[in-house]
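Novice: Structure in structure tokens, see below.
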Amino acid sequence: KAGVTQTPRYLIKTRGQQVTLSCSPISGHRSVSWYQQTPGQGLQFLFEYFSETQRNKGNFPGRFSGRQFSNSRSEMNVSTLELGDSALYLCASSGPGQGNYGYTFGSGTRLTVV
Amino acid sequence: QKEVEQNSGPLSVPEGAIASLNCTYSDRGSQSFFWYRQYSGKSPELIMSIYSNGDKEDGRFTAQLNKASQYVSLLIRDSQPSDSATYLCAALQGAQKLVFGQGTRLTINP
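From first to last, the protein sequence lines are chains Z and Y.
Okay, so the first sequence: first residue is -11 according to my numbering, each after it adds one.
Okay, so the second sequence: first residue is 297 according to my numbering, each after it adds one.
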């Protein structure tokens, strides 16, 4: 069974640009969450989607947005990139068989803003 | 006060010994708790989940939950060098949001 797939694995962007990251959940999983991981702040929740609806959002500025498609694939977008947005962005999916919301993470997208 | 707190370590344990990792949480509404293992440069991997007070065992791993004390722990028996990693404690808030501690870096010394 394929795991959570995130693309691309690595990205280098310039300040002020925007970026779109993609996540394909495990087949059959309908809940997709996004997290940002930095050495200073650790793992922080960005948002969660279920059946194309955002159910929860973390404390991030409006430059961070996301969406989910009917096939449960999800994208997150960061506009007007800042140096502080450099981080590992992780997508996680949850669904039947995970047992009460255990989330499986993808390999992540390492974003570097220069 | 952080919502989920862990000792950042590093915690150093000799091979074959028991490694004990601890975590406290502040939200009494949290009902589900998870331990993730993260190797350097990799993404977190779910190793244990626990929802009820008491112990839950899976192979060499035992998770313990005490909701009255708002305390979660992970014991690793017969520690192996391959267990060297950062261990992340997470509490589920509102059924959708995982809140993570800062992680405990564990080193198993051969």
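Even for Gly, the Cβ is constructed at its ideal location relative to N, Cα and C.
Everything numeric in this text was worked out from a predicted model, so none of it was measured.
Assuming Asp374 of chain Y and Gly325 of chain Y form a contact by the criterion Cβ under 8 Å, report the distance between their Cβ atoms to the nearest whole angstrom.
Specialist: Taking the second sequence and counting its residues from 1, the one referred to as residue 374 of chain Y is at position 78. Taking the second sequence and counting its residues from 1, the one referred to as residue 325 of chain Y is at position 29. Not really, about 36 Å apart at Cβ, beyond 8 Å.
Novice: Listed in chain order, which residues of the region 35 to 58 of chain Z have Cβ atoms closer than 8 Å to some Cβ of chain Y?
Specialist: Taking 8 Å as the Cβ-Cβ cut-off against chain Y, the residues of the region 35 to 58 of chain Z that qualify are Glu36, Phe38, Arg43, Asn44 and Gly46.
Novice: Establish whether the CB of Gly28 of chain Z and some CB of chain Y are separated by less than 7 Å.
Specialist: Translated into positions along the first sequence, residue 28 of chain Z becomes position 40. Answer no: the Cβ-Cβ gap between Gly28 of chain Z and chain Y never drops below 7 Å.
Novice: Return the chain-ordered ranges of every beta strand (DSSP E) run that is complete within the region 319 to 400 of chain Y and spans a minimum of 3 residues.
Specialist: The qualifying runs are 329 to 334, 341 to 346, 350 to 354, 357 to 362, 367 to 372, 381 to 389 and 393 to 396.
Novice: Verify the CB distance criterion: does Gly90 of chain Z have a CB-CB separation below 7 Å to chain Y?
Specialist: Position 102 of the first sequence, counting from 1, holds the residue named residue 90 of chain Z. It does; some Cβ of chain Y falls within 7 Å.
Novice: Using the C-alpha atoms, what's the distance from Pro13 of chain Z back to Gln392 of chain Y?
Specialist: Taking the second sequence and counting its residues from 1, the one referred to as residue 392 of chain Y is at position 96. Taking the first sequence and counting its residues from 1, the one referred to as residue 13 of chain Z is at position 25. The straight-line gap from Cα to Cα measures roughly 15 Å.
Novice: Starting from the N-terminal side, write out each stretch of the beta strand (DSSP E) that is 3 residues or longer and does not extend beyond the region 29 to 83 of chain Z.
Specialist: List check, beta strand (DSSP E) in window: 30 to 38, 41 to 45, 52 to 56, 62 to 66 and 75 to 82.
Novice: On a Cα-Cα basis, can you pick out the residue from Y:Phe396, Y:Pro406 and Y:Arg401 that is closest to Phe329 of chain Y?
Specialist: For the purposes of this step, residue 329 of chain Y is taken as residue 33 along the second sequence, with counting starting at 1. When only C-alpha atoms are compared, the closest one is Y:Phe396.
Novice: Go to Ile0 of chain Z, then tell me how far its beta strand (DSSP E) extends in each direction, as first and last residue.
Specialist: The count along the first sequence starts at 1 and reaches residue 0 of chain Z at position 12. Start and end: Tyr(-2) to Lys1.
Novice: Can you give the Cα-Cα distance for Ser67 of chain Z and Pro406 of chain Y, rounded to whole angstroms?
Specialist: Counting from one through the first sequence, the residue named residue 67 of chain Z turns up at place 79. Counting from one through the second sequence, the residue named residue 406 of chain Y turns up at place 110. One C-alpha to the other measures close to 47 Å.
Novice: For Ser308 of chain Y and Ser58 of chain Z, what's the separation of their Cα atoms in angstroms?
Specialist: Numbered from its first residue, the second sequence carries residue 308 of chain Y at position 12. Numbered from its first residue, the first sequence carries residue 58 of chain Z at position 70. Computed Cα separation, rounded: 47 Å.
Novice: Could you check how far apart the C-beta atoms of Ser74 of chain Z and Leu99 of chain Z are, in whole angstroms? I think they sit under 8 Å.
Specialist: The count along the first sequence starts at 1 and reaches residue 74 of chain Z at position 86. The count along the first sequence starts at 1 and reaches residue 99 of chain Z at position 111. So it is a contact: roughly 6 Å between Cβ atoms.
Novice: If you run the structure through DSSP and keep just helix, strand and coil, what is Tyr91 of chain Z?
Specialist: On the first sequence, residue 91 of chain Z is found 103 positions in, with the first residue counted as 1. Three-state DSSP puts Tyr91 of chain Z in coil, outside helix and strand.
Novice: Identify which residue in Z:Glu70, Z:Thr26, Z:Gln24 and Z:Phe48 has its Cα closest to the Cα of Arg3 of chain Z.
Specialist: Sequence index remark: in the first sequence, residue 3 of chain Z carries index 15 (1-based). It is Z:Glu70.
Novice: Just checking my contact of Ala80 of chain Z with Ser21 of chain Z at CB under 8 Å: how many whole Å lie between their CB atoms?
Specialist: Residue 80 of chain Z sits at position 92 when you count from the first residue of the first sequence. Residue 21 of chain Z sits at position 33 when you count from the first residue of the first sequence. Right, the Cβ-Cβ distance comes to about 5 Å (below 8 Å), so this counts as a contact.
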